[in-house]
Structures are given as C-alpha cells and as structure tokens.
Amino acid sequence: MSSTQQNDDGALTINTMKTTPAGEAVSHAMSGTTWSALSSAGTASIRSQSPQAILNLFGPHLSRRERKELAAMREVWYFSLDSGDRPGGFSNGGYDNDEEHYVPVQHEHLNFRYQVLNMIGEGGQGLVVKCLDHKTNNLVAVKILASPSNPMDEKSQGRELQISRELQSERSDVDHGVIRVLSTFHFRGHSCIVLELLKL
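Listed below in structure tokens is the structure:
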C-alpha cells in the first residue's frame, strides 16, 4: 500500500506500507523524485521492483506516454519523475527543440537506466550527454541522435546505428581504434548510442 504527497518545496514524498516478518505494518517515507537500483542517499532500491510496481506508486504523476513507456519495460534500473520544466521543448510532446534535438534535463532517466548528469557536446546530428549507468554503476556517454526530419536523415542514422552495432564489442577500441560502443536503444523518438566515456 502506498500514498504520495507533494511537499511545499516541490519534492514528492512516497509513503509505502511494508509488513515485517512479525506481521507489523511499518510506514516508510521516501522524499525526492528518483528511484535507483544503486544504493545511495536520496534514492531507494528498485532492483526487485517491477515496472508495474513503480506504475502503482507513481502512476498518478505520469503522463499517458510515460505510463506506456514504463509498461513496455522488462527492467527498471533508474527512474525519475518529469518535473515538466524542459526549456526549449517545442515538439514531440515537449521533449524536442525546434531542430528536432532532444532537450535533456539533469537527473532525468533515459530508457529507465541512464541518469543524465550534464551535456558534453552538441552537433548537427544530435547531442552527447554524460550519464550514470545505474545497471553497471559506470559513467558513460550517450549520443542522442536528432529525430530524422526526412528520408535522407533516416537513412544516414540507420547507417550510423548499423556501424555502431558492428563495432559493439569488447575489443572495438583496440581492433578499430574507435570509442567502444556499449549499447544502442530507442527512446522517445530518438535513436541513442551508449559509448564508453573517455577520460580527458
């Protein structure tokens, strides 16, 4: 059993009722807007939580699109509530700017696994953000490609994704002299490429 309440400072408190082995009901309050599979201050472990369990807790605070995204997941490693404050978001439900680039927000989730920490760079094909992978506890770079606006862009992105998948191996940096591709995924209309984060 759980309930949610909005605090004066805007933070969301989640109150959950847990039952001890002795059968006693214990109330547990969690302040903040994120859940993580990693144990750290301000987050709670969700390693054993199904997407449905999180839907049950946060459902009233999610948009229809977010509920659909969550319902399609098999695992959730990191979750954050969208504050709705996304400067420059004009299209794609407010997630993209006028150039079809995704507008990232610090500490939001990407694909219920990666926590956005900060922007690394931006170019004509998209942008790159530094993220914490809550499954591996490693820092990574995630390249978020712009939504394709024409067939040529779509073909170009398809080619980049295909090459990325071909280079996705433990030895890609050694064998090919390129940054290692760790994974790829599709999120909110954008193709994303997870790369090793180079130390400068």
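In this note's numbering, the protein residues as written are 230 to 429.
Yeah, the Cβ is synthetic: ideal placement off N, Cα and C, and Gly gets one too.
Helix, strand or coil at residue i [DSSP, three-state]
i	result
LEU426	coil
SER385	helix
GLN344	strand
HIS290	helix
SER420	strand
SER274	Summary for SER274: the model assigns pLDDT 41, below 50, so the residue's position carries little reliability, and this model does not support an answer.
SER393	helix
ASN285	helix
ALA300	helix
PRO377	coil
Where the beta strand (DSSP E) containing residue i begins and where it ends
i	result
LYS372	367 to 374
SER412	410 to 416
DSSP bridge partner residues for residue i (one or two, in chain order)
i	result
GLY352	GLY355
TRP264	PHE308
ASP325	SER320, TYR331
HIS363	In DSSP, HIS363 forms no bridge with anything.
HIS336	HIS336 is not bridged to any residue.
### Message
Below 8 angstroms, how does it come out for the region 334 to 347 and the region 357 to 364: are there three or more Cβ pairs, yes or no?
### Response
yes
### Query
Counting Cβ pairs closer than 8 angstroms, one from the region 318 to 332 and one from the region 295 to 309, do we hit at least three?
No, because fewer than three Cβ pairs between the region 318 to 332 and the region 295 to 309 fall closer than 8 angstroms, the two stretches do not touch.
### Task
Determine contact between the region 331 to 339 and the region 386 to 394, defined as no fewer than three beta-carbon pairs at a distance below 8 angstroms.
no
#### Entry: At least three beta-carbon pairs within less than 8 angstroms, the region 361 to 381 to the region 409 to 425
yes
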